[in-house]
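Here the numbering used here is used: the first sequence runs in plain steps of one and ends on residue 181. No residue lacks a Cβ here, since even glycine has one placed at the ideal position from N, Cα and C. Because the structure is a prediction, the values reported are computed rather than measured. Accompanying notes for the structure given below.
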Amino acid sequence: MVRRQILFPEFFARPTLKVARDILGKFLVREIGGREMAAMITEVEAYAGPQDLASHASRGKTPRTEVMFGKAGNWYVYLIYGMHHCLNVVTEKEGYPAAILVRGVEGVYGPGRVCKRFKINLLQNKKPSAKKTKLWVEDRRIKITPRDISRGPRIGVDYAGKWKDKKWRFYLA
DNA sequence: ACAAGGATACCT
DNA sequence: GGTATCCTTGTC
Numbered sequence: 009m010v011r012r013q014i015l016f017p018e019f020f021a022r023p024t025l026k027v028a029r030d031i032l033g034k035f036l037v038r039e040i041g042g043r044e045m046a047a048m049i050t051e052v053e054a055y056a057g058p059q060d061l062a063s064h065a066s067r068g069k070t071p072r073t074e075v076m077f078g079k080a081g082n083w084y085v086y087l088i089y090g091m092h093h094c095l096n097v098v099t100e101k102e103g104y105p106a107a108i109l110v111r112g113v114e115g116v117y118g119p120g121r122v123c124k125r126f127k128i129n130l131l132q133n134k135k136p137s138a139k140k141t142k143l144w145v146e147d148r149r150i151k152i153t154p155r156d157i158s159r160g161p162r163i164g165v166d167y168a169g170k171w172k173d174k175k176w177r178f179y180l181a
């Protein structure tokens, strides 16, 4: 039996780049129809702070981005290009807008594909990562060392000026 | 190479 | 009210 520990808000209420590294190797778990599906998180991107032009929150607090200013551990889900959902988890302390985009899990590469596979849509937006919401992150004691982690620039943010070059994408080889 | 698709933010 | 834009993907 694998030892499992659901991650609490405290895990997410830390510097975003640190959480981004730490969440690699953790498991995204979804309960659908009484059954659980899970996959190891393998690729993420950090979006941190009001200055980050790649972040939706750079334009301030709006109905959409309000959740990024809220409590760590809440989900931020949005629809992109009219057809794909992107799953983020809010980080840092309340009032500081930041989140981590889940770009890939084991066997599923691409933020839209992750949401499609895990049946994630706007219903999950602003809800906490917790068992009661049927969508959460848990630690299954997979050991990840710094050598396992690669980093590079974020995808699809060429409009973000100097922020586009920041190596805030982290992934397992 | 590029169309699809709809919510969002920011105009008039 | 109109419209440019978008943290993408699948098919062309």
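query, result
"C-beta contact flag for Lys174 and Asp166 at 9 Å", "no"
"Arg177 and Glu100 closer than 9 Å at C-beta", "no"
"Assigned exposure category for Ala62 - 16 Cβ within 10 Å defines buried", "buried"
"For Arg22 and Arg67, the rounded distance between their alpha carbons", "22 Å"
"Distance CB(Val145)-CB(Phe35) smaller than 9 Å", "yes"
"Gly120 - containing beta strand (DSSP E), residue span", "Segment Pro119 to Arg125 is the alpha helix (DSSP H) holding Gly120; no beta strand (DSSP E) there."
"Limits of the beta strand (DSSP E) - the one that Ile40 falls within", "Phe35 to Ile40"
"Exposure label - Thr73; buried when at least 16 CB within 10 Å", "buried"
"CB contact flag (Pro136, Asn82, <9 Å)", "yes"
"Cα-Cα separation, Pro58 to Thr153", "30 Å"
"Anticipated Cβ contact below 8 Å, Val110 with Pro119, distance rounded", "6 Å"
"Option in Lys170, Lys151 and Ile163 with minimal Cα separation from Gly33", "Lys151"
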